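Chemist: Please read through the structure below; I'll follow up with questions.
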Amino acid sequence: MDSTPSRPILDLFSLKGQNALITGASRGIGAACALALAQAGADLCLILRPPVDPQLTPEIVNTIRTACPNARVEVVHADLSDTASVKRVFPLALEKMNGEIDIFVNCAGIQRRAPAELFSEDDWDEFFPTLALRWRVLTTNLKSAFLLSQAAGAHMLSRPANPPHAADSNSNAPTGSKTSVKSIIHFASLLSFQGGLTVPAYAAAKGGIAQLVKALSNEWSGKGVRVNAVVPGYVRTDMNSALLANPTRLRQISERIPAGRWGDPADFAGVVVFLASRASLYVCGELVVVDGGWMGR
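UniProt numbering numbers the first residue of the sequence shown as 1 and each following residue consecutively.
Structure below.
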């Protein structure tokens, strides 16, 4: 068979006509990825925390609409530490996106720091009763990832099968129809491979994400649904504020990064568009490390 692409190579990266559901898009890496997906042509449904003022339009929505005036941007508010709230997300998103979700990007996550011998059950997977807040690292970072993947996967599996080769995508599609890219992308962590310090719940959750990606890919890749993960290195985001504020740890980490700098959220735009698009149709069950060379050191 002639493997020569039958379409311009850049077309493989286009997400025009695709609907993407994204968690954790209010700031940092998630916001950068949401903007990148919109710039690649996707319409978006953002899963955001319940707002303090429901009348205010979230900043990320205004940013995307300004940069991509033709992009459709919908919002569903949910607390991902609350299982009941998580289970309502996908049906609401489907309704807002006219019954079609082609891409699911799970970028939401929280982190709590404490020595392992002092790490509280409240921070691990329970309510924080004194503050009436839900931290629940395992529920937010792992259980919600599984429940949303399960809902997204079931929906994608119910859709028409994709062509087996990227070059064939849409080539024989009926007029007015589209080929869904059917891509699920999680954000893992360097702590999917390493143990870290004073973050036992986060390490456990991100280790779980790595295995969940492989397990789901083993079941679904042969049915046209791809599941992969991006593994960020050390990135200048709010989650790493404690490390950035610690001169000793900042120096130790910075000296080990071959690229000579910490990552920025924008460094993840390209890899997410790649994994979401037809350009990666044969990439399944992978943990794509984006760390400035940290893991190779």
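The beta-carbon is built from N, C-alpha and C at its ideal position, and this holds for glycine as well.
Predicted model only: the values in this text are computed from it and were never measured.
#1: Can you tell which of 274, 271, 282, 253 has its C-alpha closest to the C-alpha of residue 294?
#2: Measuring straight from C-alpha to C-alpha, what distance separates residue 212 and residue 248?
#3: Any idea if residue 141 is buried or exposed, counting beta-carbon neighbours within 10 angstroms, 16 or more meaning buried?
#4: Specify the secondary structure class of residue 175 as computed by DSSP and reduced to three states.
#5: Taking the alpha-carbon of residue 226 as reference, which of 273, 203, 282 has the nearest alpha-carbon?
#6: Here's a check: name, in chain order, each residue in its chain whose Cβ is nearer than 8 angstroms to the Cβ of residue 243, leaving out the five neighbours to either side.
#7: Buried or exposed: which applies to residue 182, given that a residue is buried once 16 or more other Cβ atoms fall within 10 Å of its Cβ?
#8: Whole-angstrom Cβ separation of residue 89 and residue 78, contact assumed at under 8 angstroms?
#9: Taking the straight line between their C-alpha atoms, what separation do you get for residue 157 and residue 96?
#10: Are the region 54-73 and the region 28-45 touching by the rule of at least three beta carbon pairs closer than 8 angstroms?
#11: Taking 8 angstroms as the threshold (C-beta atoms), are residue 33 and residue 105 in contact?
#12: Pick out the complete beta strand (DSSP E) segments inside the region 225-279, 3 residues or longer, and give them in chain order.
#13: Where does the unbroken beta strand (DSSP E) through residue 104 begin, and where does it stop?
#14: From residue 24 to residue 58, what does the alpha carbon distance come to, in whole angstroms?
#15: Counting Cβ pairs closer than 8 angstroms, one from the region 199-215 and one from the region 101-119, do we hit at least three?
#16: Residue range of the beta strand (DSSP E) that residue 43 falls in?
#17: On the three-pair Cβ rule with 8 angstroms, is the region 15-30 touching the region 42-50?
#18: In angstroms, rounded to a whole number, what distance separates the CA positions of residue 161 and residue 103?
#19: My output table needs one value for residue 23: the three-state DSSP class, helix, strand or coil.
#20: Counting only the same chain and skipping the five closest in sequence on each side, list residues whose C-beta sits under 8 angstroms from that of residue 29.
#21: Quick one: grab the DSSP three-state call for residue 146.
#22: Going by DSSP, what residues sit across from residue 74 in a beta bridge?
#23: Among 184, 190, 196, whose alpha-carbon lies nearest the alpha-carbon of residue 154?
#24: Apart from the five residues just before and just after residue 256, which ones in its own chain have a Cβ nearer than 7 angstroms to its Cβ?
#25: Exposed or buried, which one is residue 278 when buried takes at least 16 other CB atoms within 10 Å?
#26: For residue 288, which residues does DSSP report across the bridge?
#27: Could you tell me if residue 101 is buried or exposed, where buried requires 16 or more neighbouring beta carbons within 10 angstroms of its beta carbon?
#28: Exposed or buried, what is residue 200 when buried is set at 16 or more other beta-carbons lying within 10 Å of its beta-carbon?
#29: Please report the residue range of the alpha helix (DSSP H) in which residue 90 lies.
#30: What is the rounded straight-line gap between the Cα of residue 190 and the Cα of residue 18?
#31: Could you tell me the boundaries of the beta strand (DSSP E) in which residue 217 lies?
Modeler: Result, derived from the coordinates:
#1: Residue 294 sits at position 294 when you count from the first residue of the sequence shown. Checking every option, the nearest Cα to that of residue 294 belongs to 253.
#2: The count along the sequence shown starts at 1 and reaches residue 212 at position 212. The count along the sequence shown starts at 1 and reaches residue 248 at position 248. Roughly 34 angstroms separates the two Cα atoms.
#3: In the sequence shown, the residue the question calls residue 141 occupies position 141. Classification of residue 141: buried, given that the 10 Å Cβ count is 16 or more.
#4: Along the sequence shown, read from residue 1 onward, the residue named residue 175 stands at position 175. Note that residue 175 has pLDDT 40, beneath the 50 cutoff, so the model's placement of it is unreliable and no number is given.
#5: As a position in the sequence shown, residue 226 is number 226, starting the count at 1. Closest in alpha carbon position to residue 226, among 273, 203, 282, is 282.
#6: Within the sequence shown, residue 243 is the residue found at index 243, counting from 1. Within its own chain, the residues whose Cβ lies closer than 8 angstroms to the Cβ of residue 243, once the five positions on either side in sequence are excluded, are 234, 249, 250, 253, listed in chain order.
#7: Taking the sequence shown and counting its residues from 1, the one referred to as residue 182 is at position 182. Counting Cβ neighbours within 10 Å, residue 182 comes out buried, since at least 16 surround it.
#8: Start at 1 with the first residue of the sequence shown, and residue 89 comes out as number 89. Start at 1 with the first residue of the sequence shown, and residue 78 comes out as number 78. Yes, residue 89 and residue 78 are in contact; Cβ-Cβ is about 5 angstroms, under 8 angstroms.
#9: In the sequence shown, counting from the first residue as 1, residue 157 sits at position 157. In the sequence shown, counting from the first residue as 1, residue 96 sits at position 96. Taking the Cα positions, residue 157 is about 20 angstroms away from residue 96.
#10: Yes, since at least three Cβ pairs between the region 54-73 and the region 28-45 fall closer than 8 angstroms, the two stretches touch.
#11: On the sequence shown, position 105 is the one that residue 105 refers to. On the sequence shown, position 33 is the one that residue 33 refers to. Yes, they are a contact pair.
#12: Whole beta strand (DSSP E) segments, 3+ residues: 226-232.
#13: Reading the sequence shown from its first residue, position 104 is the one you call residue 104. Looking at the DSSP string, the run of the beta strand (DSSP E) that includes residue 104 is 103-106.
#14: Start at 1 with the first residue of the sequence shown, and residue 24 comes out as number 24. Start at 1 with the first residue of the sequence shown, and residue 58 comes out as number 58. When rounded, the distance between both Cα atoms is 13 angstroms.
#15: At 8 angstroms Cβ cutoff, the stretches touch.
#16: The residue given as residue 43 occupies position 43 in the sequence shown. Judged by DSSP secondary structure, residue 43 falls within the beta strand (DSSP E) whose first and last residues are 43-48.
#17: Under the Cβ criterion (8 angstroms, minimum of three pairs), the region 15-30 counts as touching the region 42-50.
#18: Position 161 of the sequence shown, counted from the start, is the residue given in the question as residue 161. Position 103 of the sequence shown, counted from the start, is the residue given in the question as residue 103. Cα-Cα distance, rounded: 15 angstroms.
#19: Translated into positions along the sequence shown, residue 23 becomes position 23. Three-state result, residue 23: strand.
#20: On the sequence shown, residue 29 is found 29 positions in, with the first residue counted as 1. Around residue 29: 107, 187, 232, 235, 237, 265, 268.
#21: Position 146 of the sequence shown, counted from the first residue, corresponds to residue 146. In the structure shown, residue 146 sits in a helix (DSSP, three-state: H, G or I).
#22: Indexing the sequence shown from 1 puts residue 74 at position 74. Residue pairing from DSSP places residue 74 in a beta bridge opposite 45.
#23: The residue you call residue 154 lines up with position 154 of the sequence shown. Checking every option, the nearest Cα to that of residue 154 belongs to 184.
#24: Locating residue 256 in the sequence shown gives position 256, counting from the first residue. Setting aside the 5 residues that flank it on each side, residue 256 is surrounded in the same chain by 294, 297, each with a C-beta closer than 7 angstroms to its C-beta; the list follows chain order.
#25: What you label residue 278 is simply residue 278 of the sequence shown in a count that begins at 1. Looking at its Cβ environment, which holds 16 or more other Cβ atoms inside 10 Å, residue 278 is buried.
#26: If you number the sequence shown from 1, residue 288 lands on position 288. Residue 288 pairs with 230.
#27: Locating residue 101 in the sequence shown gives position 101, where the first residue counts as 1. It counts as buried.
#28: Residue 200 sits at position 200 when you count from the first residue of the sequence shown. Buried, since its Cβ has 16 or more Cβ neighbours within 10 Å.
#29: To locate residue 90, count along the sequence shown from 1; it is residue 90. Its alpha helix (DSSP H) spans residues 83-96.
#30: Stepping through the sequence shown from its first residue, residue 190 is reached at position 190. Stepping through the sequence shown from its first residue, residue 18 is reached at position 18. When rounded, the distance between both Cα atoms is 30 angstroms.
#31: Residue mapping note: residue 217 aligns to position 217 of the sequence shown, counting from 1. Counting along the chain, no beta strand (DSSP E) covers residue 217; the unbroken alpha helix (DSSP H) around it starts and ends at 200-220.
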